[in-house]
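**Student:**
Numbering (UniProt numbering), first residue to last: 1 to 98.
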């Protein structure tokens, strides 16, 4: 099943730039692993306001519990809230196998 996930990150005040960079580096590495495993399909950056840190991701997982395991494995999750939208196929999807 596929899921659209809106990931909003709020770095706590007083967090050092080095701590942010360390977690971002780990997040990038974990994202590559999840993509290789077939869980992370796409990432987008929507228009953002100054200081806003938000990403849209398309994920694949067997079910909501497995998706939660995948999302919880991402280092930025310590500062992030996720809004999950389960997706189902649309009959007019041009990528479908009509």
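The C-beta atom is built at its ideal place from N, Cα and C for all residues, glycine as well.
1) Just to confirm the assignment, what range does the alpha helix (DSSP H) spanning residue 22 have?
2) Between which two residues does the beta strand (DSSP E) holding residue 11 run?
3) At what residues does the alpha helix (DSSP H) containing residue 54 begin and finish?
4) Starting from the C-beta of residue 87, find all residues in its chain whose C-beta is less than 7 Å away, skip the five residues before and the five after it, and write them out in chain order.
5) Taking DSSP as the reference, what is the three-state secondary structure of residue 94?
6) Helix, strand or coil, according to DSSP, for residue 47 in the structure here?
7) Using three-state DSSP, classify residue 65 as helix, strand or coil.
**Tutor:** Reading off the structure:
1) Within the chain shown, the letter at position 22 stands for residue 22. Residue 22 -> alpha helix (DSSP H) spans 17-36.
2) Taking the first residue of the chain shown as position 1, residue 11 is located at position 11. No beta strand (DSSP E) holds residue 11; DSSP gives it neither H nor E.
3) Within the chain shown, the letter at position 54 stands for residue 54. DSSP places residue 54 outside any alpha helix (DSSP H); the residue lies instead in the beta strand (DSSP E), whose first and last residues are 54-60.
4) Mapped onto the chain shown, residue 87 falls at position 87. Taken in chain order, the residues that qualify are 2, 3, 4.
5) The residue you call residue 94 lines up with position 94 of the chain shown. Residue 94 falls in the coil class under three-state DSSP.
6) In the chain shown, residue 47 corresponds to position 47, counting from 1. Here residue 47 sits in coil by DSSP.
7) Position 65 of the chain shown, counted from the first residue, corresponds to residue 65. It is helical.
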